[in-house]
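Trainee:
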Amino acid sequence: MIQSMTGFGKHVIQLPTKKITVELKSLNSKSLDLNARMPSAYREKELELRKTIASSLMRGKVDFGLYIELTSGETSAEVNEAAVKNYMKQLKAIADGDDLKLLDMALRMPDALKTEREDIDENEYESIKLAVQEALKEINKFRSEEGEVLEKDFLQRIENLQQLLEQVVVMDPDRQTDVRERLNKAVSDLKADLDANRFEQELIYYLEKYDITEEKVRLANHLDYFTSTLKSDDSNGKKLGFIAQEIGREINTIGSKANYAPMQQLVVQMKDELEKIKEQMLNVL
Numbered sequence: 001m002i003q004s005m006t007g008f009g010k011h012v013i014q015l016p017t018k019k020i021t022v023e024l025k026s027l028n029s030k031s032l033d034l035n036a037r038m039p040s041a042y043r044e045k046e047l048e049l050r051k052t053i054a055s056s057l058m059r060g061k062v063d064f065g066l067y068i069e070l071t072s073g074e075t076s077a078e079v080n081e082a083a084v085k086n087y088m089k090q091l092k093a094i095a096d097g098d099d100l101k102l103l104d105m106a107l108r109m110p111d112a113l114k115t116e117r118e119d120i121d122e123n124e125y126e127s128i129k130l131a132v133q134e135a136l137k138e139i140n141k142f143r144s145e146e147g148e149v150l151e152k153d154f155l156q157r158i159e160n161l162q163q164l165l166e167q168v169v170v171m172d173p174d175r176q177t178d179v180r181e182r183l184n185k186a187v188s189d190l191k192a193d194l195d196a197n198r199f200e201q202e203l204i205y206y207l208e209k210y211d212i213t214e215e216k217v218r219l220a221n222h223l224d225y226f227t228s229t230l231k232s233d234d235s236n237g238k239k240l241g242f243i244a245q246e247i248g249r250e251i252n253t254i255g256s257k258a259n260y261a262p263m264q265q266l267v268v269q270m271k272d273e274l275e276k277i278k279e280q281m282l283n284v285l
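So for the sequence shown, our numbering puts the first residue at 1; every next one is plus one.
1. Looking at the secondary structure, which residues open and close the alpha helix (DSSP H) in which Asp99 lies?
2. Taking the Cβ atom as the reference point for each residue, do Ile2 and Gly248 lie within a distance shorter than 8 Å?
3. Compute the beta-carbon to beta-carbon distance between Gly65 and Glu23, rounded to the nearest angstrom, for a pair I have assumed lies under 8 Å.
4. Cβ atoms of Gln280 and Leu161: under 8 Å apart, would you say?
5. In whole angstroms, what separates the C-alpha of Ser144 from that of Thr6?
6. Assign Tyr210 to one of three DSSP states: helix, strand, or coil.
7. Pull up the DSSP beta-bridge partners for Asn35, would you.
8. Taking the continuous alpha helix (DSSP H) assigned at Leu47, which residues delimit it?
9. Less than 8 Å between the CB atoms is what I'm expecting for Ser26 and Ile139, so what's the real figure, rounded?
10. Could you give the DSSP three-state label for Gln14: helix, strand or coil?
11. Keeping to the same chain, check which residues put their C-beta closer than 6 Å to that of Thr253; ignore five residues upstream and five downstream.
12. How do the region 263 to 281 and the region 156 to 173 stand: do at least 3 beta-carbon pairs fall below 8 Å, yes or no?
13. Quick check: Ser232 and Leu136, are their CB atoms within less than 8 Å of each other?
14. What residues match up with Gly9 in a beta bridge as DSSP calls it?
15. Shortest alpha-carbon distance to Lys257 belongs to which of Gly241, Tyr206, Leu230, Asn221?
16. What does DSSP give as the partner residue(s) for Glu69 in the beta ladder?
17. Please identify the residue among Leu266, Gln14, Tyr260, Thr227 whose C-alpha is closest to the C-alpha of Ser127.
18. Grab me the residues of Thr71's own chain with a C-beta within less than 7 Å of its C-beta, minus the 5 sequence neighbours each way, in chain order.
19. Would Arg132 be called buried (16 or more neighbouring beta carbons within 10 Å of its own) or exposed?
20. If you count every other CB in all the chains shown that lies within 10 Å of the CB of Phe142, and 16 or more means buried, which is it?
Dropping the structure here:
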């Protein structure tokens, strides 16, 4: 079962004095690109939380947000009275102004507020880890649901390619006959006497050069392999991408060897279907 790299997960835990919110958002990326936003008090736990997220999400451009809101009316920030008075004194020496305006300006200055650094409460941190796990469940559920949509689209595209390949197989004898007739006509137009045996040998060589039997077989195998990989237990976006490249290589070879307009039209349709697969493949985990 494939998964999309696009997803969103959120979980909220209400503690007696705080509300903890964890958000996870992800988009497609070649590797894991994790951006974390959290209160400075929890920076020492960032590496541990990153490892937890990375082990679950593996790939994608991931935004992780940890938000802690005080709900008890308490605050850990206090006015730095000494610094504010010093700022007001300096401002008054530079320009006249009433104390209210000077106070407003002083409070905007650096170090006007002081924050007491609190030690991490282990019970609170356990709640944060729980919220992260629940958010991971949500985003993985989202990714799986998106993956189901992608899988249905891939299966339809592969079926379309298989039908087009069947048309190529049916058309191939007519193509060979057409090539033979065109060569015979070209030779007859030369109005020259040719050795019949030598001409037949050259004709066989030419037809073998443009034979697409191997390409038809390999393309059919690649399409079957893509389908079986798609239905495997793990999400194999990179592997599916490699198989899609091989499918494209066989389609291109058939197109270059076709030398027959009706078959080249089928090749164009096959390329169109494959291009749609490749576009969606960028979002598969």
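By construction, the Cβ of each residue, glycine as well, lies at the ideal position given by its N, Cα and C atoms.
All of these numbers come straight from a predicted model, not from anything done at the bench.
Mentor: Let me spell this out:
1. 99 to 106
2. no
3. 4 Å
4. no
5. 10 Å
6. coil
7. Asp63
8. 46 to 57
9. 6 Å
10. strand
11. Glu215
12. yes
13. no
14. Leu24
15. Tyr206
16. Lys19
17. Gln14
18. Thr17, Lys18, Lys19
19. Strictly speaking, residue 132 in this sequence is Val, with Arg absent from that position. So Val132 ends up on the buried side.
20. buried
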